[in-house]
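Q: Here our numbering is used: the first residue of the sequence shown is 33, the next is one more, and so on.
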Amino acid sequence: MVSLQGYTSSSPALSADGGAIYLGVSTATAGRIVAVTPAGRVLWSVTRADWVDSTPAVGPDGTIYVGSHDGRLYALQPANGAIRWSYNAGSFISSSPAIGADGTLYFGSGSFRLHAVGPDGRERWTFPVGDWIESSPAVAVDGTVYVGCRDGSLYAVTREGRERWRFRTGGRIDGSPAIGADGTVYIGSTDQRMYAVAPDGAKRWDYFTNGAIFSSPVLGADGSVYFASDDTRFYSLAPEDGRLRWRVDLNSSSASTAAVRGDGAIILAADDGVVRALKPADGGLLWRFDTRAAPGDYIESSVLVAPDGALYFGSLDGRLYKLRGNGSPLSTFSAWPAFRRDSGRTGRAAHVRDGGARLLNLASRAEVPDGNVLIAGFVVEGRAPRAYLVRGAGPALAPFGVASFLPDPFLTVYSGATPLRTNDDWGQAGPGPSVVDTADAVGAFPFPADSQDAALVLGLGAGLYTAHLRDVGGRGGVALFEAYDALGGDPGNRLVNLSLRGPVGQDDRVLIPGFVLGGDAPARVLVRAAGPALAAFGVAQPLERPQIAIYRGDRLLRLNRGWSDGGVAYDLRVAAESAGAFSWPERSADAALLLLLEPGPYTLQVSGLDGSVGEALAEVYLLR
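(1) Which whole runs of the alpha helix (DSSP H) in the segment 402 to 476 are 4 residues long or more, in chain order?
(2) Does the beta-carbon distance from threonine 79 to glycine 63 come in below 9 Å?
(3) Please name the residue, chosen from Val645, Arg605, Arg320 and Ala121, that lies closest to phenylalanine 365 on a Cα-to-Cα basis.
(4) At the level of alpha carbons, what is the spacing between phenylalanine 266 and aspartate 281?
(5) Between Leu137, Leu36, Gly212 and Phe124, which lies nearest to alanine 107 when the distance is taken from Cα to Cα?
(6) Between the beta-carbon of serine 639 and the beta-carbon of leucine 492, is there less than 9 Å?
(7) Does the distance from the CB of tyrosine 583 to the CB of alanine 613 come in under 9 Å?
(8) Using a threshold of 9 Å, state whether the C-beta atoms of valine 34 and isoleucine 65 are closer than that.
(9) Assuming alanine 71 contacts aspartate 295 under a Cβ cut-off of 8 Å, what Cβ separation, rounded to an integer in Å, is found between them?
(10) Indicate the three-state DSSP secondary structure (helix, strand or coil) for proline 574 in the structure shown.
(11) So who's on the other strand from tyrosine 187, going by DSSP bridges?
(12) Leaving out five residues before and five after arginine 191 in sequence, what residues of the same chain have Cβ atoms less than 6 Å from its Cβ?
(13) Assuming arginine 577 and aspartate 642 form a contact by the criterion Cβ under 8 Å, report the distance between their Cβ atoms to the nearest whole angstrom.
(14) For aspartate 386, which residues in the same chain have their Cβ closer than 6 Å to its Cβ, ignoring the five residues on either side in sequence?
(15) Does DSSP put leucine 282 in a helix, in a strand, or in coil?
(16) Taking 8 Å as the cut-off, is the C-beta of arginine 533 nearer than that to any heavy atom in the ligand GDP?
(17) Identify, in the order they occur along the chain, each residue of the same chain with its Cβ nearer than 6 Å to the Cβ of leucine 591, setting aside the five sequence neighbours on each side.
(18) Does the distance from the CB of glutamate 426 to the CB of valine 489 come in under 9 Å?
(19) So within the segment 493 to 535, which uninterrupted beta strand (DSSP E) runs reach at least 3 residues, ignoring any that extend past its ends?
(20) Output yes or no for whether 9 Å exceeds the beta carbon distance between glycine 414 and arginine 556.
(21) Under the three-state reduction of DSSP, which class applies to asparagine 118: helix, strand or coil?
(22) What is the DSSP secondary structure of leucine 641, counted as helix, strand or coil?
(23) Of the residues Arg279, Ser118 and Tyr330, which one's Cα is nearest the Cα of tyrosine 258?
(24) Can at least three beta-carbon pairs, one atom from the segment 232 to 246 and one from the segment 393 to 400, be found at a separation below 8 Å?
(25) Going by C-alpha distance, which of Leu251, Trp595, Thr444 and Pro617 is nearest aspartate 374?
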């Protein structure tokens, strides 16, 4: 722990490189902003004329933004805390700033206004409200700014500063909004209710507790709404209708906001000076840490979960605490897992649902043993059909240095168990759109005119499809399966899943699926390599220890050697369930990664650890 020489109700924020923790400190007559290393060394401290209970927010360039009761919002340099600029709000600031996608800072003040300030410190607009604002704004994907007010209203304000709507509660709002993956806004009020409000301002539901709600809600990986009430209980509600999933007695009130880890654990602090970790299934206690604080030394600070699993929080006893944790980071599948959503406390929803994300191309390269078949599966969603180019390459791989290619590929595409189309030589693909023109349109490498590679252009509606690729003469070799979005038909129709099953051997005998992610915003993608889990499906020799690695070009992005390692098993399980993937045994040696990827091409490699060989299944899921 670190003595702060003052008390703190501010919540710690983490620098982008993880090298500094920032938080506000207050004394009887002044305030400070402090930077501390993970080892507990104070890097710098900046004194202000009044309290600092606002939580810092970290900008994309590392700038620290924080408000003070002296009425100013400060922009500080990360290296030494030097003030880059300050903005005079006209009254005290308890609200913590949110950072919009364009760098605009949104925060409330005691001047009965919501402020918008550019990253250069210039005022962009102010929006009047009916009382002072302690609530910290939340910024939605579309730029809408949501903020609660002590006048009892939740306001929705456009990025230009115009009111979109206001939602009235029966008490004042001191807590901050959380935004769900579908845009639902969750907010508590001193009228003892937790509210779910649609993006258009309509009430979806409310839930009554027996105490005022000062804490802010957070969301579990499965969407569960978690919050504390002054009735000394902690609640879990279903996001779709607000029904009670469970509640636990803390025997203490709490204004602190919980944090949700990748292993599903809910970490929360309370006024009794105790930090607790709860199970997501039923709220059962995993562990507790008691600061042994004197009466009145509450923990109002919200716990920060660092990428290495360390837990940081401040207290009114004047200390910054660090707990080791278990290595589990903040949940990456939850839409809003912590106060201000992320470790930088930006208060901005992640851009993972817009941008028209789609898989433009799926490709699978593998070795096909003699007399065997390469089996690739893919899933299409949408209402009306769309054109897809499906190919099986063998001889066309020779110019790329593949000597032992599949000599004469024969391609069959199935819908369920029903064969749709077959092709032996691509030049005899039959009626319909030209394979040559379609391949050229989607950027596929050309097949030689007289090659024995296989290809089809198909109109496919929503459903599960399987492609079988074998050699006409039963010979073995390396083959490449490809499915391209041919850009014709229903724009709502898209590829969402690829699976490839095949043998994995030693050296370069690996499964190599690839995909191209389209759109103009990042998207969440789940990639998996099943080995041991295949035994339940009758696979005689599954790969005992699969490893999955993802590359962009030649650059390794991530790898995994056991899905339950790394503290994100709960996130992975919920993500798999949401995608309709089959479940894996607890702590199996199968491998998986949950990723937020920019548009572009990616390659997976599934290999065996410690010389293990056998059948493996590689999967790619585009998550909603």
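The beta carbon of each residue, even a glycine, is placed where N, CA and C say it ideally should be.
Only a predicted model underlies this, so the values are computations on that prediction, with no experimental measurement involved.
A: Reading it off the structure:
(1) 467 to 474
(2) yes
(3) Arg605
(4) 7 Å
(5) Leu137
(6) no
(7) no
(8) no
(9) The Cβ separation is near 25 Å, so there is no contact.
(10) strand
(11) Val179 and Arg198
(12) Gly175
(13) 6 Å
(14) Residue placement at aspartate 386 cannot be trusted, given a pLDDT of 44 that sits under 50; the coordinates are not used to answer.
(15) coil
(16) The ligand GDP is absent from the structure shown, which contains no ligand whatsoever.
(17) Ala581
(18) Reading off the sequence shown, one finds glycine at residue 426, where the question assumed glutamate. Their beta carbons are not under 9 Å apart, which means glycine 426 does not touch valine 489 by this criterion.
(19) 495 to 503 and 509 to 521
(20) no
(21) Sequence inspection shows serine at residue 118; the asparagine mentioned does not correspond to that position. Serine 118: strand per DSSP, three-state reduction.
(22) helix
(23) Arg279
(24) no
(25) Leu251
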